[in-house]
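S.K.: Each position in the sequence shown, counted from 1, maps to that position plus 11 in the numbering used here.
Backbone N, C-alpha and C define an ideal beta-carbon position, used for all residues, glycine too.
Got a structure for you, questions after.
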Amino acid sequence: MMNLQTLLEQSRTNHYKTLVIVDNNKQQDRIINALKELDWAAFDVTDKVLEMIEGIPEGKVKLRIGDLLKKWFTNFPDKVILYNTTILYSPNLGRLNPVGAFKYKSRTKETILIMEGRVSGDRIQYSDYGKEDYSEMDVSELIHVKMEDIDD
């Protein structure tokens, strides 16, 4: 078991200040509630993406979503929790993935990325191989942990 504060300290000193938490049981409130008193802001990525792409012609969404996400991230507070990220795997959005979408911007902001998937060493896999939303992400440069391995 790992202590959340210890994980955050490790992440804070990492080049990419992102802590990736793999959570397949929708337990993001455990993290949000533990950190809300410490000035962490939480955002539902699916809700925000749906809001962003509203009004964009369907054929243009893939072209614009990356820039929209970067602009959104730029306006974040210094400590942010991102959850409900599965929309990013959608073929309609160009099969982005949460790690790729936010990793590089996390050099300047502390980020907790809560996402679904299977941990396999330094890789996280989402969906099943061969499915159109399948994604495999390298998290070797990030601190990562399964939700069930975090102490309360």
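Does the distance from the CB of Tyr137 to the CB of Tyr94 come in under 8 angstroms?
M.R.: No, Cβ-Cβ distance for Tyr137 and Tyr94 is not below 8 angstroms.
S.K.: What are the boundary residues of the alpha helix (DSSP H) that Val72 is part of?
M.R.: Run containing Val72: 72-85, per the alpha helix (DSSP H) assignment.
S.K.: So is Ser151 buried or exposed if we call it buried at 16+ other beta carbons inside 10 Å?
M.R.: When all chains shown are included, Ser151 counts as exposed.
S.K.: Contact between the region 29-40 and the region 56-76 is defined here as three or more beta-carbon pairs at a separation below 8 angstroms; is this criterion met?
M.R.: Too few Cβ pairs lie closer than 8 angstroms, so no.
S.K.: Would you mind stating whether Thr96 and Val56 have Cβ atoms separated by less than 8 angstroms?
M.R.: Result yes, Cβ atoms of Thr96 and Val56 sit closer than 8 angstroms.
S.K.: Could you check how far apart the C-beta atoms of Ile32 and Val130 are, in whole angstroms? I think they sit under 8 angstroms.
M.R.: Not a contact, Cβ separation roughly 10 angstroms.
S.K.: Just to confirm, are Ala52 and Val91 a CB contact at a threshold of 8 angstroms?
M.R.: Yes, the Cβ-Cβ distance between Ala52 and Val91 is below 8 angstroms.
S.K.: I need the boundaries of the alpha helix (DSSP H) containing Gln16, first residue and last residue.
M.R.: Here the alpha helix (DSSP H) through Gln16 covers 15-23.
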